[in-house]
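Here the structure is laid out as structure tokens; the discussion comes afterwards.
Numbering (our numbering), first residue to last: -8 to 156.
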């Protein structure tokens, strides 16, 4: 990862006592901007309101395929939670439920069948695929650690990038 210094600093902020979901979002915005850069027409929207759920996604990733709003294609939603909840089963379940609701509520002119999701709590992360036709959320692999499993995370993000085209 080219932005290794910024990733390391963001990860260190996640590890600090009292770190928040905002710190986790900062770390994941660094990662997402590396794999899905603005130079390739991607954008990452923090705290995007989704009326169907009556709430805000933590990060919505989109790709622009043209110059009008109908050319904006959401493909990935990331839900983050503070490190203090990393081992709590209830928080992981809440993240999955939020993710499924937000992915199912995406509105766009040209719907796609598949979307992707991330639940990140502290340094841990789970990746998901969401099938719009069947309204099902399926985990991609196992829970991973942002540093210890960096190669698997790299491979997963590259796979999402290829499949989201």
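C-beta: ideal position from N, C-alpha, C; glycine also. In this text the structure is predicted, and so the values were computed from the model without any measurement.
Burial state of residue i (16 or more Cβ within 10 Å)
i, result
"residue 146", "exposed"
"residue 174", "With the chain covering only -8 through 156, there is no way to say anything about residue 174."
"residue 51", "buried"
"residue 28", "exposed"
"residue 38", "exposed"
"residue 22", "buried"
"residue 115", "buried"
"residue 53", "buried"
DSSP bridge partner residues for residue i (one or two, in chain order)
i, result
"residue 135", "116"
"residue 72", "112"
"residue 50", "37 and 69"
"residue 122", "105 and 127"
"residue 64", "54"
Range of the contiguous alpha helix (DSSP H) that encloses residue i
i, result
"residue 56", "It is not in any alpha helix (DSSP H) - residue 56 carries neither H nor E in the DSSP assignment."
"residue 143", "141 to 154"
"residue 95", "80 to 95"
Terminal residues of the beta strand (DSSP E) in which residue i lies
i, result
"residue 127", "127 to 130"
- Message: Check whether the region 48 to 63 and the region -7 to 9 touch, using three or more Cβ-Cβ pairs below 8 Å as the test.
- Response: no
- Determine, using beta-carbon pairs with one atom in the region 6 to 20 and one in the region 78 to 86, whether at least three such pairs fall under 8 Å. no
- Query: For the 8 Å Cβ check, are there 3 or more pairs between the region 65 to 74 and the region 123 to 134?
  - Reply: no
- Item | Ranges of the alpha helix (DSSP H) found wholly within the region 2 to 46, counting only runs of at least 4 | 12 to 26
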